[in-house]
Structures are given as C-alpha cells and as structure tokens.
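Colleague: Chains as they are written, first to last, in our numbering: chain G, 1162 to 1273; chain B, 4 to 155.
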Amino acid sequence: MSLVANKNGDTLVLSVESTRIDSASAIAFKDEMFNATRGTQGRVILDLTKVDFVDSSGLGAIVASMKALGDAAKMDIAGLSPVVEKVFRLTRMDSVFRIFPDLPSAQSATPA
Amino acid sequence: MKDMMPDLEHQKFSTACSATMEDASQTVQAVVSELRSWPSVDVADEVEIVLAEALTNVVEHAYRDGTAGWIRLRCRACEDRLVLSILDGGGGALVKGLPGADMPELEVDTSNLPEGGFGWPLIQSLASSVGYRRRLGVNRLEIAFQLGAVPA
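(1) Look at the Cβ atom of ASP1171(G), then the Cβ atom of ARG1199(G), and state whether they are nearer than 8 Å.
(2) Using the C-alpha atoms, what's the distance from SER1226(G) back to THR18(B)?
(3) Residues of chain B with CB closer than 7 Å to the CB of PHE1214(G), please, in chain order.
(4) Rounded to the nearest angstrom, how far is the Cβ of GLU51(B) from that of VAL1244(G), given a contact under 8 Å?
(5) Who are the Cβ neighbours of VAL31(B) in its own chain at under 8 Å, not counting the five residues just before and after it?
(6) Give me the chain G residues within the contact set of PHE121(B), using Cβ-Cβ distance strictly less than 7 Å, ordered along the chain.
(7) Give the straight-line distance between the Cα atoms of TRP41(B) and SER21(B), rounded to the nearest whole angstrom.
(8) Report back the beta-carbon spacing between ILE1276(G) and PHE1214(G) to the nearest angstrom; my notes put them in contact at under 8 Å.
(9) Under 8 Å, Cβ to Cβ, is there at least one residue of chain G near ASP48(B)?
(10) For a contact meaning CB atoms closer than 9 Å, what does VAL1248(G) contact in chain B?
(11) For SER1186(G), is the classification buried or exposed, using 16 other Cβ atoms within 10 angstroms of its Cβ as the cut-off for buried?
(12) Measure the C-alpha to C-alpha separation of THR1180(G) and ASP1216(G) and round it to an integer number of angstroms.
(13) Please check the pair ALA147(B) and VAL86(B), which I expect to be a contact at CB under 8 Å, by giving their CB distance rounded to whole angstroms.
(14) Suppose you measure from the CA of GLY119(B) to the CA of MET1194(G); what does that come to, to the nearest Å?
(15) Under a Cβ-count criterion, where at least 16 other Cβ atoms within 10 Å of its own Cβ denotes burial, should ASP1183(G) be classed as buried or exposed?
(16) In three-state DSSP terms, what is VAL35(B)?
(17) Would VAL1177(G) count as contacting chain B if we go by Cβ distances under 8 Å?
(18) Could you check what DSSP says for THR1172(G) in three-state terms: helix, strand or coil?
(19) Grouping DSSP H, G and I as helix and E and B as strand, with all else coil, what is ALA1229(G)?
(20) Between the alpha carbons of SER1163(G) and MET1236(G), how many angstroms are there, rounded?
(21) Does LYS1228(G) have its Cβ less than 8 Å from a Cβ in chain B?
(22) In whole angstroms, what separates the C-alpha of GLU1246(G) from that of LEU1220(G)?
(23) Given a cut-off of 8 Å, decide if LEU1241(G) and LEU1209(G) are closer than it, judged by their beta-carbon atoms.
(24) Could you tell me which residues DSSP pairs with ARG1181(G) in its beta bridges?
(25) In angstroms, rounded to a whole number, what distance separates the CA positions of ASP1(B) and ALA27(B)?
(26) For THR1271(G) and VAL1224(G), what's the separation of their Cα atoms in angstroms?
(27) If we require 4 or more residues per run, which alpha helix (DSSP H) segments fall completely within the region 23 to 83 of chain B?
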C-alpha cells in the first residue's frame, strides 16, 4: 500500500498508488491514512484514480479514516473505477461521501 | 496458489489457495482475469466483488482459530449461468444459516457509521442464488450468477 500526499492551501490530496484496497491491504491502508491525516484541518480528497478494486474491508478502512478526521476536516472521494463505484452504490456509501468523477473536478468544486 | 487449470472448451476451471488474506486476494485477481477471457461471461465485476467477500469470510470465520487452512474453488459457465463453488475445511460458521441481505444502516451520526457488515449483503445483492451445505467436515458454498442479465 502506498499513499502520496499533496497539500494545497486548505486541501490535502491523498492519492492511493496501489491498485487494490482489499482484505489483504485494508489494515496497512488505514494505518497510512491515520498517519497522513493526523492533525489535518480543512478538506481531504481521497484520490482513488489508480484503484481498480475495493472490497468491504477496504470500504470499512475508508470509513474509519473519514471518522478519524472528526469535526476538524471533511473527506471527499475522487476517481472511482466502475467496480469501486458499484461497491459504493450497493452499500449506499455514495450517500455518505461527496464523490467526484476525477481529481480535477474534486479540486475545483466548492467545499461543502 | 496453484496454477489454474482452464478448460476453455467447457468453460470451467478449478484452483486452490491457502486460507490467508494475501493468497485469497491473489486468487480473486487470477480468477477474474481468467473470466474476462470468457466471451460469454459478462459478470466479471460482480464475481470480483462476491468472490473477494466470500474468501474473506472463509479466512476470517471458517478458519478463525488461525489454523493453516485450504480453500478450493471451482468455476463453471453453462448456458445462462456462472457457478462458483468454494470449498474449505474450516469450522461450520454458516451451519446456523446464511447471514442476512440487509445493508448496515447509514442514517446515523458520522462517529457511528458502520465499518463492516457489508460483505454478505454485497454477496446477496449481486448473486442470483447462494447455497451452503456442510458435509464430512467440508463447507461448500455455491454462488450462481445470471449471465446476460441487466447488471445491478
């Protein structure tokens, strides 16, 4: 699992460089997310452009990462593959996160 | 993970792996890659989600005592159905019945959002049928998919 962080003003972009967030990698992903977002305020964009697949363990790790932000920051998600989009839709997690088709559209959107 | 033994003429194959999250993940990727080469199969995305959840359940629940377990997988397509059979020698975690199909409730405070409980509902919502039986200490989960249907 590898995560690349880019801070731009109040926005922290976290790009996942691995192709899968599944039961084999969910714990490592969650640890990296906790480390990368510790003390973060403002907006976090989780960029999943390179991720082909997320299972329910990966989804749980994404939710845990969002909850760990508390009231200090808000997490949006960008770049869902068709399979990942299906997992978000079937679990209705697409109603919990603001989801953007790609990173540029997330970056240009007005923060909620 | 063993090499896959494809039999393209009859559109079936079998494979096996050890009951670890890493091996299960590799197996899911290998199976889905194989299925994408089958012209009649239009459910590779659905299989990827369902198989990942089913194998995770075996590793987490059937072999929850941490024993070095085995998983065998068979896959066959015939006419309008694709059927996955997943066999393991772990405990009978499912003998009391398959978990329900309801997704966890999301109408809660952010701090109470569920981080699990999505696996079985995902399986139930994407498969056309799910059957389970335990015989001679072997769990057998059979999951069918409708081919040529409108996707969920």
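Backbone N, C-alpha and C define an ideal beta-carbon position, used for all residues, glycine too.
Modeller: Taking the definition as stated:
(1) No. Outside cutoff.
(2) So the alpha carbons of these two residues sit roughly 35 Å apart.
(3) Those are GLU51, listed as they occur along chain B.
(4) Confirmed, Cβ separation roughly 6 Å.
(5) Closer than 8 Å at Cβ, skipping near neighbours: GLU51, LEU54, ALA55, LEU58.
(6) The contact set of PHE121(B) on chain G, defined by CB atoms closer than 7 Å, consists of SER1217, LEU1220, THR1252 in chain order.
(7) If you take the alpha carbons of TRP41(B) and SER21(B), they lie about 26 Å apart.
(8) Outside the shown range of chain G, which is 1162 to 1273, sits residue 1276(G), and nothing can be said about it.
(9) So, interface residue.
(10) Contacts between VAL1248(G) and chain B, judged by CB atoms closer than 9 Å, involve ILE52, PHE121, LEU125 in chain order.
(11) So SER1186(G) counts as buried.
(12) So the alpha carbons of these two residues sit roughly 12 Å apart.
(13) The beta carbons of ALA147(B) and VAL86(B) sit about 5 Å from each other, so the pair counts as a contact at 8 Å.
(14) Roughly 18 Å between the two C-alpha positions.
(15) Under the 10 Å beta carbon count, ASP1183(G) is surrounded by 16 or more other beta carbons and is classified as buried.
(16) Here VAL35(B) sits in helix by DSSP.
(17) Proximity of VAL1177(G) to chain B, defined by a Cβ-Cβ separation below 8 Å, is not satisfied.
(18) THR1172(G): strand per DSSP, three-state reduction.
(19) In this structure, ALA1229(G) counts as helix in the three-state DSSP scheme.
(20) Here the C-alpha atom of SER1163(G) lies approximately 18 Å from the C-alpha atom of MET1236(G).
(21) Answer yes: the Cβ-Cβ gap between LYS1228(G) and chain B drops below 8 Å somewhere.
(22) Those two C-alpha atoms are separated by around 11 Å.
(23) The Cβ-Cβ distance between LEU1209(G) and LEU1241(G) falls below 8 Å.
(24) Looking at the DSSP assignment, ARG1181(G) forms a beta bridge with PHE1214(G).
(25) Residue 1(B) cannot be examined here, being either before or after the span of chain B that is shown, 4 to 155.
(26) Whole-angstrom Cα-Cα distance: 22 Å.
(27) Entirely contained in the region 23 to 83 of chain B, the alpha helix (DSSP H) runs reaching 4 residues are, in chain order, 24 to 38, 47 to 60.
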